[in-house]
Amino acid sequence: MQPPEIQIRVEDDRTGLSQETLKRAFLDNLFYIQGKFPRLASKNDYYMALAYTVRDRLLKRWLSTTATYLDRQQRCVCYLSAEFLMGPHLGNNLINLGIYDQVKRAVEDLCIDFEALLEQEEEPGLGNGGLGRLAACYLDSLATQEIPAFGFGIRYEFGIFDQEIKDGWQVEITDKWLRYGNPWEIPRPEWSVEVPFGGYTERFRDERGRDRIRWIPSQTIKGIPYDTPILGYRTNTANTLRLWKAEASESFNFSAFNDGDYYGAVREKVMSENLTKVLYPNDAKVIGKQLRLEQQFFFVSCTLQHLIRILAGQNFPVARFHEKFALQLNDTHPAIAIAELMRLLLDREQMDWDAAWAIVQQSFAYTNHTLLPEALEKWPIAMFGSLLPRHLEIIYEINSRFLDEVRLRFPGDNDRLARLSLIDESGERYVRMAYLACVGSHTINGVAELHSALLKKTVLADFYEVFPEKFTNKTNGVTPRRWLVLSNPRLTDLITDAIGSRWIEHLEDLRQLESYVEDAGFRAQWRQVKYAIKQDLAAYLEKRLGIQVDPQSLFDMQVKRIHEYKRQHLNILHVATLYLRLKRDPNLEMTPRTFIFGGKAAPSYTMAKLTIKLVNAVGEIVNKDPVSRDRLKVAFVPDFNVTIGQKIYPAADLSEQISTAGMEASGTGNMKFAMNGALTIGTLDGANIEIREEVGAENFFLFGLSAAEVCELKARGYRPQDYSQSNEMLQAVLDLIADGYFSHGDRDLFRPLLDRLQSDDPFLVLADYQSYIDCQDRVSQVYRDPDQWSRKSILNTARMGKFSSDRAIREYCRDIWKVEPVPIDLAAYPFDAGSCQIQ
Ligand code: 26Q
124 MQPPEIQIRV EDDRTGLSQE TLKRAFLDNL FYIQGKFPRL ASKNDYYMAL
174 AYTVRDRLLK RWLSTTATYL DRQQRCVCYL SAEFLMGPHL GNNLINLGIY
224 DQVKRAVEDL CIDFEALLEQ EEEPGLGNGG LGRLAACYLD SLATQEIPAF
274 GFGIRYEFGI FDQEIKDGWQ VEITDKWLRY GNPWEIPRPE WSVEVPFGGY
324 TERFRDERGR DRIRWIPSQT IKGIPYDTPI LGYRTNTANT LRLWKAEASE
374 SFNFSAFNDG DYYGAVREKV MSENLTKVLY PNDAKVIGKQ LRLEQQFFFV
424 SCTLQHLIRI LAGQNFPVAR FHEKFALQLN DTHPAIAIAE LMRLLLDREQ
474 MDWDAAWAIV QQSFAYTNHT LLPEALEKWP IAMFGSLLPR HLEIIYEINS
524 RFLDEVRLRF PGDNDRLARL SLIDESGERY VRMAYLACVG SHTINGVAEL
574 HSALLKKTVL ADFYEVFPEK FTNKTNGVTP RRWLVLSNPR LTDLITDAIG
624 SRWIEHLEDL RQLESYVEDA GFRAQWRQVK YAIKQDLAAY LEKRLGIQVD
674 PQSLFDMQVK RIHEYKRQHL NILHVATLYL RLKRDPNLEM TPRTFIFGGK
724 AAPSYTMAKL TIKLVNAVGE IVNKDPVSRD RLKVAFVPDF NVTIGQKIYP
774 AADLSEQIST AGMEASGTGN MKFAMNGALT IGTLDGANIE IREEVGAENF
824 FLFGLSAAEV CELKARGYRP QDYSQSNEML QAVLDLIADG YFSHGDRDLF
874 RPLLDRLQSD DPFLVLADYQ SYIDCQDRVS QVYRDPDQWS RKSILNTARM
924 GKFSSDRAIR EYCRDIWKVE PVPIDLAAYP FDAGSCQIQ
């Protein structure tokens, strides 16, 4: 019997886009998936029903994309990252599908508050900050540009902690983001993978008489893939983010069942599931925690085994692995992949060393995100060897062959060998992951021009001498879809009314705004938009924090992880300086400002936590004192994350990018602010330098020492006291804090922070203080002239084209990955009953 002909079109009854069909689908999902009548449904039920309605409209694109990649023989990007900070999916998918307005109307037709539904989504906080968010922006741009790509990472059950502020201090709360279920992911347990750990290796002779090595692990853990579709902006491409969850492996650990050790087996199961339980926060110093290495190896092994399985399914020879996959290492967190791919090729595929190594070196590329030596990952040899004995052997072999080459090129230079060795032998022995990444990759990139240049001069200088051709720069970018279209609809409409909407995919088009700069009417509209957004944020601050702020005041913002090198304390010294000026002269004319801070401190980073306390302590006094409260306000927004970022960036007048020069690899918040028309006050650091080049020096507030000057000053012998002793205001501000003025008379509270500034001040806060204050005074002057400020603001937005992640991804595709777009034809995969078969 012939199966019946049921052809389902792309826009059928289930996935149609008319208001009526959308409403029907929404109510159906509420009933059939959430199991609720509208009357009894919670806000979350409504959110879930809407999310499923949107997901249904993604699936055809997603499945067709996957099918196309499996059928076609083109190269795919595999972005390996321990973090993906995706932010809420609902709004973004609505924008990318082009159905935001229809869906909003359909929902409002049912008398449901649409904004409240968007707010309901608990964002997947599976990242610490910049690096994880960069991965998310890149996935958006890859899909938008129709590039075959996958993201591979870890499905942490608990993402970055939620931050509460109690009595001015940070308190960490676990982030139970999966509490109410995640409608965006589809588990694929049928594609699970087994990952070995521990045990030992042994030599043996195989059936063909070859000497080989086998790894006898002590344990295996099962990896279950959870897939999330990543839709491009107005394209049919929906790529996959595949995150691995750890579960107990039935086949191995559960042998205990057979021995009657039921509780032992359960304990093993719980231990296995711990592996992907929680995301590690990035600390001031990287400490080698075994569970962290287990996480890294786990997701990397799952991914590589899965890729090799795909090749097998396609009858594509594994010897041509590198033709099929371009593997990008997002920092060293997945760098163990280099040894794991070697193991799979040597031990499983039985290749010889040179063939395997050639494949590895043609597959991997490595992005570095830090210059701070204390942030470079290294693993104690003993721990590494007990967890991954085979990989340690492989790394020794890689090292020995590499050092042989170095010896040939630089005979007799033993110091150089020690510096280049993948094994740090200066004290306790460690595996240096950045070095493994350098040797095993064909390309190494930094994330801004200065950062890439400094990499070659400092932490990777020796590698630059050996492999100069591997080094390149790829300046970061951010996606204008989330950071402008979704987060700032008012500005989006104003821009689109002026220049059309092509800029959303071609951000360079924003340049056309330059011709409106001299249009007084346009400037007025620009100001009105900014004012309306600031009013919204003011309402939010009042509701959430009970702080009243004046939307006319200059909104001065610093949101990012709290770290000494980012110098939030320099910002607060400025606040205290303004306050002291007012105390000394209450009639002083002063540009009113609202200082907004946000950011999380790593739980064990005491100095960063004390900085949060200081911000709140200064705020408490300044916000209340009649002399200042109408001119200065300080608000610390708790729990800064992607969702809150979407409210913050659009409302800024001034973006604080004040890191010690040479320490911020790139920064990406700087780009989000400037795109939204904020002016930057910043040092010559990271991408600030390129932002300034683009927007023009006259539209950027520059202060402070350059990276070279920082280096010279440190070499000369920096003495912070020289700066405080010769600067009356600086000394007075430090004394005010020391005297307990902001801490109810407690003179001990901030002592650790003040001692650090006055004894070694490794981030040169005091050296840059006066330059910063002078620059802030110029900012205040310019803000007093709204027309002048608006001109600069418009020009900032107009000249941000370079900082789209689309540009960054084009460069990666062209220079590193060598991949081309593959458009998706939805008609190529009709899903009809005729092709049903059960295998
Ligand atoms: C390492 C070991 C153990 C535990 C945690 C970590 C860890 C986790 C995350 C170390 C670092 C990170 C994240 C680093 C990061 O976000 N770096 C930022 O990357 C951005 C994107 O390139 C840059 O713009 C920022 O300048 C850089 O600080």
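Per this note's numbering: the sequence shown = residues 124 to 962. Glycine is no exception: its CB is placed at the ideal position from the N, C-alpha and C atoms. Bear in mind that the values here come from a model prediction, so they are computed numbers and not experimental data.
| Query | Result |
| --- | --- |
| The segment 470 to 485 / the segment 439 to 451 touching (three or more Cβ pairs under 8 Å) | yes |
| Glu398 Cβ short of 7 Å to the ligand 26Q heavy atom set | Here the sequence assigns Leu to residue 398, which means Glu is not the residue at that position. Every heavy atom of the ligand 26Q is 7 Å or more from the Cβ of Leu398, so no. |
| Supposed close pair Arg195, Asn359 - CB separation, criterion 8 Å | About 14 Å; that fails the 8 Å criterion. |
| contact_flag[the segment 241 to 261, the segment 296 to 309] where n(CB pairs < 8 Å) is 3 or more | yes |
| Which of helix, strand or coil DSSP assigns to Gln691 | helix |
| beta-carbon Leu257 near the ligand 26Q non-hydrogen atom, thresh 7 Å | yes |
| Lys747 burial status per 10 Å Cβ neighbour count (16 or more: buried) | exposed |
| The segment 311 to 323 in contact with the segment 280 to 294 per 3-pair CB rule at 8 Å | no |
| Inter-residue Cα distance where the pair is Gly1025 and Tyr202 | Nothing in the structure corresponds to residue 1025, since the chain is present only between 124 and 962. |
| Run of the beta strand (DSSP E) containing Ser778, from where it starts to where it stops | Leu777 to Gln780 |
| Per-residue burial, Trp502 [other beta carbons within 10 Å of its own, 16 or more giving buried] | buried |
| Pair within 8 Å by beta-carbon distance, Ile353 and Thr363 | yes |
| Cβ-Cβ distance between Thr351 and Leu494 below 8 Å | no |
| Bridge-paired residues (DSSP) for Gln969 | Within the shown structure, residues of the chain are numbered from 124 to 962, placing residue 969 beyond reach of any answer. |
| Beta-carbon proximity of Thr566 to Thr595, cut-off 8 Å | yes |
| Coil, strand or helix - Ala784 by DSSP | coil |
| Chain E contact for Gly321 (CB, 8 Å cutoff) | The structure shown contains no chain E; it is built from a single protein chain. |
| Own chain partners of Leu609 with C-beta closer than 8 Å, once the 5 adjacent residues on each side are dropped | Gly214, Asn215, Ile218 and Gln769 |
| Which listed residue (Leu416, Leu887, Asp878 and Ile781) has its alpha carbon closest to that of Val833 | Leu887 |
| Spatial distance of Leu664 from Ile771 (CA atoms) | 11 Å |
| Cβ-Cβ distance between His429 and Val316 below 8 Å | yes |
| Check whether Leu559 and Leu545 have beta carbons under 8 Å apart | yes |
| Terminal residues of the beta strand (DSSP E) in which Met506 lies | From DSSP, Met506 is part of no beta strand (DSSP E) but of the alpha helix (DSSP H) over Ile504 to Leu510. |
| Distance, Leu254 Cα to Asp547 Cα | 26 Å |
| Leu636 - DSSP class collapsed to helix/strand/coil | helix |
| CB contact flag (Arg690, Ile781, <8 Å) | yes |
| Where Phe377 sits in the DSSP three-state scheme | Since pLDDT at Phe377 reaches only 49, below the 50 mark, its modelled position is unreliable, and the value read off the structure follows with that caveat. Coil. |
| Sequence-distant residues of the same chain with beta carbon closer than 6 Å to Phe377, five excluded per side | Note on Phe377: pLDDT 49, under 50, position unreliable in the model; no value is reported. |
| Tyr403 beta carbon near the ligand 26Q (any heavy atom closer than 7 Å) | yes |
| N- and C-terminal bounds of the alpha helix (DSSP H) containing Pro674 | Premise fails: Pro674 is in no alpha helix (DSSP H) and is neither H nor E. |
| Segment contact flag, the segment 735 to 744 with the segment 692 to 707, C-beta cutoff 8 Å, min 3 pairs | yes |
| Rounded straight-line distance, which links the Cα of Glu934 to that of Ile947 | 22 Å |
| Sheet register partners of Gln881 (DSSP bridge) | Beta-bridge pairing links Gln881 to no other residue. |
| Extent of the continuous beta strand (DSSP E) to which Asn362 belongs | Ala361 to Ala371 |
| Alpha-carbon to alpha-carbon, Cys936 and Asp263 | 14 Å |
| Test item: CB-CB of Ile719 and Val760 under 8 Å | yes |
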